[in-house]
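In our numbering, the protein residues as written are 8 to 324. A short worksheet on the structure shown next.
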């Protein structure tokens with residue numbers, strides 16, 4: 008439990024390390040290498056995606072296990088510290104807030120082109136022609152979805168399986184972020200990591216939605232509206248999981264998310280989530296970030312509870 012608390016505090020204080028030192032960058036490089044080699048042997052097929060996924064996840068877990076074993080051989084405190092660093096590397100609380108702020112600040116200053124550039128770092132959709140309301144919607148949607156992907160889910164799996172659970176989850180989620188697109192290049196190869204990611208996020212996404220709902224009153228949002236939208240619109244998203252945290256935030260703020268978005272030059276009509284009780288406003292970005300922070304605290308509390316139950320069951324066994 009102390010590892011979870013320390014990992015969250017470390018992320019809040021320092022955020023992600025510089026790009027070239029970030030473990031997720033190493034995961035991305037390994038995933039790209041595995042993809043290249045598996046396609047060379049098996050073609051751009053689902054089989055290649057499966058082999059690449061297993062190889063990448065296995066390599067990440069093997070390296071992490073060796074680090075933990077080496078640390079334990081030196082001193083228990085070093086093992087604890089390495090465990091904390093591994094869990095922290097799977098989190099992105101401060102970084103997620105920072106990405107949202109980098110869009111919010113130029114939008115408030117009227118610097119549309121700069122805001123578009125930073126919105127592109129958050130979402131995979133095309134941002135070149137986005138207006139201010141579209142960017143606000145993109146940031147709110149991305150922050151809501153990533154509250155699950157980058158906070159609740161890593162803590163959930165760290166609570167269940169320790170630092171290796173967090174590393175394994177982050178590896179799968181990274182591969183889905185890189186390859187889980189319905190484009191000719193990734194349609195078949197990315198299917199397997201996308202399906203694994205869907206499976207792993209099934210419970211955390213729904214837990215995250217409830218935690219976001221209970222965070223709503225802390226930012227002037229509606230708890231009842233959030234819970235109602237989770238029940239009504241959580242299943243509308245094409246992803247089996249992303250719609251739940253988005254519905255929670257939409258209901259809390261009283262806004263509508265979804266609608267037309269441009270991906271790789273093609274306009275996609277995403278399902279509308281929430282009721283448009285009012286138009287989206289710039290202030291919805293910091294309000295969503297505040298909900299994210301509150302949900303992060305609740306996620307930590309939930310993870311600590313899960314970890315305690317795991318320890319009790321392990322002791323009883």
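We put the CB at the ideal spot given by N, CA and C, even for glycine.
Cut-off 6 Å between Cβ atoms - residues of its own chain near residue i, not counting five sequence neighbours on either side
{"i": "residue 156", "result": "180"}
{"i": "residue 234", "result": "220"}
{"i": "residue 13", "result": "91"}
{"i": "residue 265", "result": "277, 278, 279, 280"}
{"i": "residue 284", "result": "261"}
Strand pairing of residue i, partner residues [DSSP]
{"i": "residue 267", "result": "276"}
Assigned secondary structure, residue i (DSSP; H/G/I helix, E/B strand, else coil)
{"i": "residue 51", "result": "coil"}
{"i": "residue 43", "result": "helix"}
{"i": "residue 147", "result": "helix"}
{"i": "residue 240", "result": "helix"}
{"i": "residue 118", "result": "coil"}
{"i": "residue 283", "result": "coil"}
{"i": "residue 21", "result": "helix"}
{"i": "residue 138", "result": "coil"}
{"i": "residue 181", "result": "helix"}
{"i": "residue 289", "result": "coil"}
Contacting residues, own chain, Cβ-Cβ under 7 Å from residue i (five flanking each side not counted)
{"i": "residue 17", "result": "91, 95"}
{"i": "residue 325", "result": "Outside the shown range of the chain, which is 8 to 324, sits residue 325, and nothing can be said about it."}
{"i": "residue 198", "result": "53, 56"}
{"i": "residue 86", "result": "75, 78, 79"}
{"i": "residue 172", "result": "164, 165"}
{"i": "residue 71", "result": "93, 170, 171, 174"}
{"i": "residue 296", "result": "104, 107, 150"}
{"i": "residue 62", "result": "41"}
{"i": "residue 152", "result": "249, 252, 253"}
Cβ distance (whole Å) where residue i is taken to contact residue j below 8 Å
{"i": "residue 97", "j": "residue 32", "result": "With 8 Å as the limit, residue 97 and residue 32 do not qualify as a contact, their Cβ atoms being about 13 Å apart."}
{"i": "residue 223", "j": "residue 11", "result": "Contact doesn't hold; Cβ gap of about 24 Å is too wide."}
{"i": "residue 58", "j": "residue 49", "result": "7 Å"}
{"i": "residue 314", "j": "residue 8", "result": "5 Å"}
{"i": "residue 19", "j": "residue 100", "result": "6 Å"}
{"i": "residue 15", "j": "residue 167", "result": "Actually they are not in contact, since the Cβ atoms of residue 15 and residue 167 sit about 16 Å apart, beyond 8 Å."}
Residue i at chain B interface by Cβ criterion, 9 Å
{"i": "residue 155", "result": "Structure shown: chain B not included; a single protein chain is present."}
Neighbourhood of residue i by C-beta, 8 Å cutoff - its chain only, sequence neighbours within 5 removed
{"i": "residue 289", "result": "111, 114, 115, 139, 143"}
{"i": "residue 160", "result": "176, 180, 207, 208, 211, 212, 215"}
{"i": "residue 134", "result": "123, 124, 126, 127, 142, 145"}
{"i": "residue 186", "result": "38, 42, 56, 193, 196, 197, 200, 201"}
{"i": "residue 158", "result": "98, 99, 100, 103, 215, 299, 302, 303, 306"}
{"i": "residue 286", "result": "140, 262"}
{"i": "residue 88", "result": "78"}
{"i": "residue 291", "result": "143, 147, 260, 262"}
Heavy atom of the ligand FAD within 8 Å of residue i beta-carbon
{"i": "residue 313", "result": "Annotation note on the ligand FAD: not contained in the displayed structure, which lists no ligands."}
Practice item. Taking 8 Å as the threshold, find out whether the stretch 251 to 264 comes into contact with the stretch 304 to 312 through three or more Cβ pairs. Key: no
Review point. Would the stretch 201 to 216 and the stretch 257 to 276 be scored as touching if the rule is three or more Cβ pairs under 8 Å?
Key: With a cut-off of 8 Å, the stretch 257 to 276 and the stretch 201 to 216 do not count as touching, because too few Cβ pairs lie within range.
Practice item. Could you tell me whether the stretch 119 to 127 touches the stretch 41 to 53, where touching means 3 or more Cβ pairs closer than 8 Å? Key: no
Practice item. Report yes or no: do the stretch 193 to 210 and the stretch 268 to 279 share at least 3 C-beta pairs separated by less than 8 Å? Key: no
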